[in-house]
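Sequence order for the protein chains is A and B. Read left to right, the first sequence gives residues 82 to 217 (the working numbering). Read left to right, the second sequence gives residues 82 to 217 (the working numbering). Below is one structure, written out as structure tokens, with a few remarks after it.
Number of protein chains: 2
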Amino acid sequence: MDSIKKRSDCPISCSLDIWGDKWSLLIIRDLMFKKKCTYGDFLKSAEKIATNILASRLQTLEENKLIEKLDHPDSKAKVLYKLTQKGIDLLPIMIEIDLWADKYFSLPEDIKAMLKEVKKDKAKFIKSWIKELKKA
Amino acid sequence: MDSIKKRSDCPISCSLDIWGDKWSLLIIRDLMFKKKCTYGDFLKSAEKIATNILASRLQTLEENKLIEKLDHPDSKAKVLYKLTQKGIDLLPIMIEIDLWADKYFSLPEDIKAMLKEVKKDKAKFIKSWIKELKKA
DNA sequence: AAATTAACTTGCAATATGCAAGTGATTATT
DNA sequence: AATAATCACTTGCATATTGCAAGTTAATTT
């Protein structure tokens, strides 16, 4: 339902219409960087998303084809969420957000280590990370 | 007040805590690309932000030092809003959002023209655009 | 067979958003 | 000099969204 509204044809506005809230990009982050891929995984993240908000965001992300739902290989009770190409293409945005945050916040060591690699050769990092994301 | 809350120390989360809503980046966009710099300018934008929301967002952006309020040279009745360095540093994020949107939406011609320049040499574009932003 | 896990849904209170109208300080017009 | 218009907000209120706790249903483990 959320997917129909469009406030203008500005690229920033169109993008925010889909994932411009406090939670959507955290789900994307979990899928992209944390190898999380189930509803339960997302619930466990540090920011403590509410169950109904998570369900609603997953639905919007799916409706907008940033993620897709698949059968989980381990169990019929589980659902496996996966980034689509459109979702994977958010990687450069996520990286730039990380780099901005690195400049203005004090970040955890593991993330700082990753950003060190990014700063060495951004294009290379993105390319190889995309490759990884497409594997799984 | 919004500026104190921090859901976690993740860079994406910290960033969204500040500007992760449907409106903040549209104000940044207006300052960054549209040469808009007054309350009235922002109100005129296509997305039609409500006056109270605009006031509240401007306050949060100012509290978080992404923008600053200055005396308008033309009139005491006006306020001139300006991006700080921290705000200017959002440019790479904005560009990547534009590029993502360019891939998945049909954008206005003037923006497509700008993105053509971006695609030729991204680093060069960003550098020269930052230079422009610092002038004014 | 009973308990646990997984992925949600529901109800409701608290918060945020959106709209229309109003305010007070300049500034422009008559 | 008085009046009208502009500018940057604020206020009140209806509606929508969020957050919390508890409940549901199907699948899996014990």
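The beta carbon of each residue, even a glycine, is placed where N, CA and C say it ideally should be. Just so you know, these numbers come straight off a predicted model, no measurement behind them.
Contact check for LEU112 of chain B and TYR162 of chain B: beta-carbon distance about 6 Å, within the 8 Å limit, so the pair qualifies. Here ALA182 of chain A is buried: its Cβ has 16 or more other Cβ atoms, across all protein chains shown, within 10 Å. Where GLU177 of chain B is concerned, the enclosing alpha helix (DSSP H) starts and stops at 172-185. Listed in chain order, the positions of the region 94-114 of chain A with a beta carbon within less than 7 Å of a beta carbon of chain B are SER94, CYS95, SER96, LEU97, GLY101, ASP102, LYS103, LEU106, LEU107, ARG110.
Against chain A, the beta carbon of TRP181 of chain B has neighbours under 9 Å at PRO92, SER96, LYS167, ASP170, LEU171, PRO173, ILE174, listed in chain order.
The residue from A:ALA158, A:THR119, A:LYS125, A:SER126 with its alpha-carbon nearest to that of LEU139 of chain A is A:THR119. Beta-bridge partners of LYS163 of chain A (DSSP): A:GLU149.
Rounded to the nearest whole angstrom, the C-alpha separation of LYS215 of chain A and LYS208 of chain A is 11 Å. ASP90 of chain B and LEU171 of chain A have their C-alpha atoms roughly 21 Å apart.
Think of a sphere of 7 Å around the beta carbon of LEU188 of chain A: the chain B residues whose beta carbon falls inside it are ASP90, PRO92, in chain order. Just so you know, the alpha carbons of LYS193 of chain A and SER187 of chain A end up roughly 9 Å apart. The Cβ of ALA127 of chain A sits closer than 7 Å to at least one Cβ of chain B. Counting along the chain, the unbroken alpha helix (DSSP H) around TRP210 of chain A starts and ends at 203-216.
Residue environment analysis places PRO92 of chain A among the buried positions, since at least 16 neighbouring C-beta atoms fall within 10 angstroms of its C-beta.
The Cβ of GLU144 of chain A sits no closer than 7 Å to any Cβ of chain B.
Secondary structure of SER126 of chain A (DSSP, three-state): coil. In terms of beta-carbon proximity, GLU177 of chain B lines the interface with chain A, with at least one pair separated by less than 7 Å. Against chain B, a Cβ distance below 7 Å from LYS86 of chain A picks out nothing, because the smallest value is about 10 Å. Between the alpha carbons of ARG110 of chain A and PHE114 of chain B lies a gap of roughly 28 Å. Of the residues A:SER156, A:GLU143, A:LEU180, the one whose Cα lies closest to the Cα of LEU164 of chain A is A:GLU143.
Inter-residue distance for PRO189 of chain A and ALA127 of chain B is about 39 Å (C-alpha atoms, whole angstroms). When the alpha-carbon of ILE148 of chain A is set against those of A:LEU135, A:ILE174, A:ASP191, A:ILE169, the nearest one is in A:ILE169. Taking LEU151 of chain A as the centre and dropping the five residues before and after it, the same chain places the C-beta of VAL160, LEU161, TYR162, LYS163 closer than 8 Å to its C-beta, in chain order.
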